[in-house]
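Undergrad: This is the structure I have questions about; it appears just below.
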Amino acid sequence: MATRWIYPSLLFFLFPSLTPSQALRNYPENEVTLLDTMSALGDLGWEAYPAEGWEEISVMDERNTPMRSYQVCNVMEANQNNWLRTRHIPRDGAQRVYIEIKFTLRDCNSLPGVPGTCKETFNMYYYESNNPNLWYIKESQYIKIDTIAADESFTQTDVGDRVMKLNTEVRDISNLSKKGFYLAFQDVGACIALVSLRVFYKKCPLAVLNLAQFPDTVTGGDSALVEVRGSCVNDSEEFEAPRMYCSGDGGWLVPIGRCVCKPGFEENKDYCQPCRPGTYKASSMDAYCTKCPPHSFSHQEKASECSCEKGFYRADMDPRSMACTRPPSAAENPISTLNDTSVTLEWSPSRDSGGRGDVTYNIHCRKCANDGKTCSPCSNSVHFVPRQFGLSIPKVLITDLLSNTNYTFSIEAVNGVSDLSPNPKQQVTVNITTSQTVNVILKERKSKDSITLAWQGPDRPNGVIVEYEVIYYEKNQRDQNYTVLKTKAHTMTVEGLKPGTTYVFRVRARTDGGYGNYGGEIELETSHEDMLAIGDPNQSTILAVSIAGGIVLLIFLVACFVVSGRHCGYIKAKQDPDEEKMQFQNGRVKLPGSRTYIHPHTYEDPNQAVRDFAKEIDASTIRIERVIGAGEFGEVCSGRLKLPSKREIYVAIKSLKAGYSEKQRRDFLSEASIMGQFDHPNIIRLEGVVTRCKCLHFLLQKHDGQFTVIQLVGMLRGIASGMKYLSDISYVHRDLAARNILVNSNLVCKVSDFGLSRVLEDDPEAAYTTRGGKIPIRWTAPEAIAYRKFTSASDIWSYGIVMWEVISYGERPYWEMSNQDVIKAIDEGYRLPAPMDCPVVLHQLMLDCWEKSRSERPKFGQIVNTLDKLIRNPNSLKELANSSVWEDPTTPEFSVSTVDEWLDAINMGQYKDNFASAGYVSLDSILYISLCELSKMGVTLVGHQKKILSAVQSLHAQGTHVQV
């Protein structure tokens, strides 16, 4: 073929020698090459037309390796239109491909005699097709990619100096959809040499992240992100579906979700390794394998739990991290106190609980014949108070026994693993015999103001008789005035009686085992005149009276006392006049009617005094209507009491104010214990107590970390709905706090404590102004503190604090800051940080409630709507605020160097002794502490466990020098 070049050595000019570094190229791992002319072993075989246009050439690099390419240089002729088309290039599933061109181009000015039609650019096109064997494509069918110009062109001088001015241009094609494509190059009159052509696409290479493997992934078209679902590596499982996005440049972005190692395996970089013998991992949620708990072992790898040693057990409901335990030892020191046909059993708890905290006691009752050998189970008529089985306290009252009968009671100690042990359950036995009768004989009646009685003791008393008790009263006045007398003799003269008056007498005996029952009533009348009347002993009236029994009391409700928070009352029926507290040597005073008054200060535990002199009444039976005054300990309200099977009665209710001190609480309980012993028509009488109520504050603390976020939001929604109702009817609460929210068994929250609430005017911007009284600083809006201005907007501020209390499970707002520090901090713009595991949207709602300007705070209706949306869309609650360890504003910024300092820094200083006793005395020693070990140390609140473990992770990340 004749040459068409205008210069004989133009080939040399266009292709100066290539060095090996230019010829050999290493491509990034995220690029996949579809075509590379540098690696061609033979002719490229591209289509060129017209035939006198582009020409395939071969040159040698310095390694004598042939290189195939194309050149064209028809610069002496005008109107050039030379086309060069590649073979079909399969796209290999790529939607976007890149074209890298390396070329040289001669400067038109360096070519003498070249006409003005010489060009220094060329065009690049492509055509998509499913046909790999097309032999002809119309020019109009091509899609233009770009006009390519050289950054640098070479001249005659460059050729003489052997300077290689190589141009590199990269273009891309997007949204490819057919099997492949053709590339075409159009020369319109330039002197060009295509040194190399590489066609490639980008992918995101195989990667392992968060224990999930993501495969090679081809990038999307138009730089779109491609979402890729990862698969968990061996011995792992999904915690949250692992996903990542493959970007257009071949990089992985935005990891979402993760896998976790299965039970028996722990994470080691990008894979899960089996737990070593002697360790285990019970849950995929645990991060690492931990040492087997006490009294358990694992001899093999991959243990998901440790087997218990012989004689030790683990109940089905026990966490796998809990030590193996054993049944408890028997109860000790049983004591029985007989009272007529009732008996009180008390005992000392099991000395060895078996390592568990769920020891309870069962009472087994058997009725025995007089020979003591033939016994049978007690009938269903015998009753146990509070219950027969599952007693958590070592005391039970057994009633409705038969008189003059032998009973055997077995006290059985059990715990959660007692049923797993093949050994018999530990028991202690008590034998008793119920009382016989006392024979009462009328001996003489000889005076207008006295009567003498005589009686015989029981035939077979239940122990040695200590004394006899005589009770008498005027006929038909039993419940108004009665007298109790005691004597060790078998006779008694009752003096100080009214002439011509009928009295009713009853007698019972007391032995070391307790009281017998009262006998039937005997009616005797004093004479009208001062005369001596002696009855005939041989014709005496004999009345059999059982030795256990009591007086039936008619209860008239006068007062009700409220303890443990507002509207949590305590209510008590009057003390049985037949009982006498013989166990106290001091603090005893004789009351009228020969009863004994016992000062509550003789009790070490004021709660016991309340239990002795008061009965517990369910707070739900009390309805508080209005505040009628203030007492020493708190407010006094009026309301109503409706006990089961009783008529509704008006009551007065005295409350113990919120934030009480321990001394105030003891004094309050003492007052209740004192009033519980009085019984007189002209003395206010205590009806009972309520010491147990379901207050939101205590409920949260008791169940720390145990509610789902949806349950917490549901409680907040209920509170907001109640406050919306109050706001709509122009009521301002003024004391909204978790302690004033009552909760039922379905977690329905009800706003209570309206002692400070007030009616506002119809104007929605109206404010209630007060000039005195105490304000709950930590819950009160700044304008209400500074100017005593209370509005629904100030209730909104308080609601934000309640939200913080709920999400933090009853944490004290502003921790240990003083009230003055709180006021100062709020004024300077400080707001409570997000509690641990608090969703971002909830903390933002709190901050909205704490806007300084009250007009910028949301309304309760808006809050209800917001919470409804969150409940309907739980995914909006997944993003958590950045507060894995709470920030305490009272803690200055410093580096900790000891375990005690570290615990103080994370507000867990109450566990210093726990850590020290367990041997954790240096920061290095706590780096690998586990949830199991925290539980064994006594850190049992879920929220506190999570807080400590989160802080340990911070130590891991920062070394043993943590900044707070």
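Going left to right, the sequence shown walks through residues 1 to 964 as the UniProt record's numbering numbers them. For each residue, glycine too, the CB sits at the ideal point set by N, CA and C.
Count the C-beta pairs between the region 791-801 and the region 867-881 that are closer than 8 Å, then say yes if the count reaches three, no if not.
TA: Segments in contact, no.
Undergrad: If you draw a straight line from the C-alpha of Ala951 to the C-alpha of Ile906, how long is it?
TA: The straight-line gap from Cα to Cα measures roughly 7 Å.
Undergrad: Are at least three pairs of beta-carbons, each pair with one atom in the region 297-306 and one in the region 908-928, less than 8 Å apart?
TA: The region 297-306 vs the region 908-928: no contact.
Undergrad: Assess, as a yes-or-no matter, whether the region 232-249 is touched by the region 67-76 under the definition of 3 or more beta carbon pairs within less than 8 Å.
TA: In short, these stretches do not touch, since the Cβ pair count stays below three.
Undergrad: Determine which residues share a DSSP beta bridge with Asn82 and list them.
TA: In the DSSP output, where bridge partners are listed per residue, Asn82 has Asp187.
Undergrad: Among the candidates Lys448, Glu266, Ile393, whose CA atom is the shortest distance from the CA of Val233?
TA: It is Glu266 whose Cα lies nearest to the Cα of Val233.
Undergrad: Kindly indicate which three-state DSSP category Pro66 falls into: helix, strand or coil?
TA: Residue state, collapsed to three classes: strand.
Undergrad: Using a 10 Å radius around the Cβ and a threshold of 16 neighbouring Cβ atoms, would you call Lys373 buried or exposed?
TA: Lys373 comes out exposed.
Undergrad: Does the count of Cβ pairs from the region 43-53 and the region 143-156 closer than 8 Å reach three?
TA: Touching, no.
Undergrad: Which of helix, strand or coil does DSSP assign to Ala454?
TA: Reduced to three states, the DSSP call for Ala454 is strand.
Undergrad: Mapping the DSSP letters down to three states, classify Trp347 as helix, strand or coil.
TA: If DSSP states are grouped into helix, strand and coil, Trp347 belongs with the strands.
Undergrad: Does the region 65-74 come close enough to the region 29-44 to have 3 or more Cβ pairs within less than 8 Å?
TA: Because the criterion of three Cβ pairs below 8 Å is met, the region 65-74 and the region 29-44 touch.
Undergrad: Consult DSSP for His944 and reduce its assignment to one of helix, strand or coil.
TA: Correct three-state label for His944: helix.
Undergrad: By the three-class DSSP mapping on this structure, what secondary structure does Ile617 have?
TA: The answer is coil: DSSP assigns Ile617 none of H, G, I, E or B.
Undergrad: Among the residues of its own chain, which have a CB less than 7 Å from the CB of Gly909, if the five just before and after it don't count?
TA: Result list for Gly909: Leu903, in chain order.
Undergrad: Go to Leu712, then tell me how far its beta strand (DSSP E) extends in each direction, as first and last residue.
TA: Counting along the chain, Leu712 falls outside any beta strand (DSSP E), though it belongs to the alpha helix (DSSP H) covering 709-728.
Undergrad: Between which two residues does the beta strand (DSSP E) holding Ser376 run?
TA: 375-377 is the extent of the beta strand (DSSP E) around Ser376.
Undergrad: When the Cβ atoms of the region 409-417 are set against those of the region 359-373, are three or more pairs found closer than 8 Å?
TA: At 8 Å Cβ cutoff, the stretches touch.
Undergrad: DSSP on Val563, reduced to helix/strand/coil?
TA: At Val563 the pLDDT is 31, less than 50, meaning the model places this residue with poor confidence and gives no usable figure here.
Undergrad: Would you kindly check if the distance between the Cβ of Val743 and the Cβ of Leu699 is under 8 Å?
TA: Against a cut-off of 8 Å, the Cβ pair of Val743 and Leu699 comes out as a contact.
Undergrad: Could you tell me whether the Cβ atoms of Arg788 and Val822 are closer together than 8 Å?
TA: The answer is no: Cβ separation not under 8 Å.
Undergrad: Which runs of the alpha helix (DSSP H) at least 4 residues long sit entirely within the region 815-898? Give them in chain order.
TA: Complete alpha helix (DSSP H) runs here, min 4: 819-827, 840-849, 860-872.
Undergrad: Tell me whether Gly829 is buried or exposed, calling it buried when 16 or more other Cβ atoms sit within 10 Å of its Cβ.
TA: With fewer than 16 other Cβ atoms within 10 Å, it is exposed.
Undergrad: In angstroms, rounded to a whole number, what distance separates the CA positions of Arg734 and Leu712?
TA: Taking the straight line from one Cα to the other gives about 23 Å.
Undergrad: Do Val382 and Ile393 come within 8 Å of each other at the CB atom, strictly closer than that value?
TA: No, the Cβ-Cβ distance between Ile393 and Val382 is not below 8 Å.
Undergrad: Rounding to the nearest angstrom, what Cα-Cα distance links Met124 and Asp92 in this structure?
TA: One C-alpha to the other measures close to 21 Å.
Undergrad: Is Glu152 helix, strand or coil by DSSP?
TA: Residue state, collapsed to three classes: coil.
Undergrad: Just list the residues that DSSP pairs Cys697 with in beta bridges.
TA: Residue identity differs from the one stated: residue 697 is His in this sequence, not Cys. Its beta-bridge partners do not exist; DSSP assigns none.
Undergrad: Using the Cβ count rule (16 or more neighbours within 10 Å means buried), how would you classify Leu206?
TA: That one is exposed.
Undergrad: Using only the heavy atoms of the ligand HEM, determine whether one of them is closer than 7 Å to the beta carbon of Pro328.
TA: You won't find the ligand HEM in this model; it holds no ligand whatsoever.
Undergrad: Taking Asp172 as part of the beta strand (DSSP E), name the residues at either end of that continuous run.
TA: Taken as a continuous stretch (DSSP letters only), the beta strand (DSSP E) holding Asp172 covers 167-173.
Undergrad: Let me check one thing: in DSSP terms, what residues is Tyr503 bridge-paired to?
TA: DSSP, once it has assigned bridges, lists Glu474, Leu524 as partnering Tyr503.
Undergrad: Taking the beta strand (DSSP E) that Trp804 falls in, what are its first and last residues?
TA: No beta strand (DSSP E) contains Trp804, which is instead part of the alpha helix (DSSP H) from 792-807.
Undergrad: Per DSSP, which one or two residues make a beta bridge with Leu742?
TA: BP columns for Leu742 point to Cys695, Lys750.
Undergrad: Taking its Cβ as the centre, do 16 or more other Cβ atoms sit within 10 Å of Tyr27, making it buried, or is it exposed?
TA: Exposed, because fewer than 16 other Cβ atoms sit within 10 Å of the Cβ of Tyr27.
Undergrad: Can you give me the Cβ contacts of His295 inside the same chain, cut-off strictly under 7 Å, excluding the 5 residues immediately before and after it?
TA: Excluding residues within five positions, the ones whose Cβ falls inside 7 Å are Cys308, Glu309, Phe312, Ala323, Cys324.
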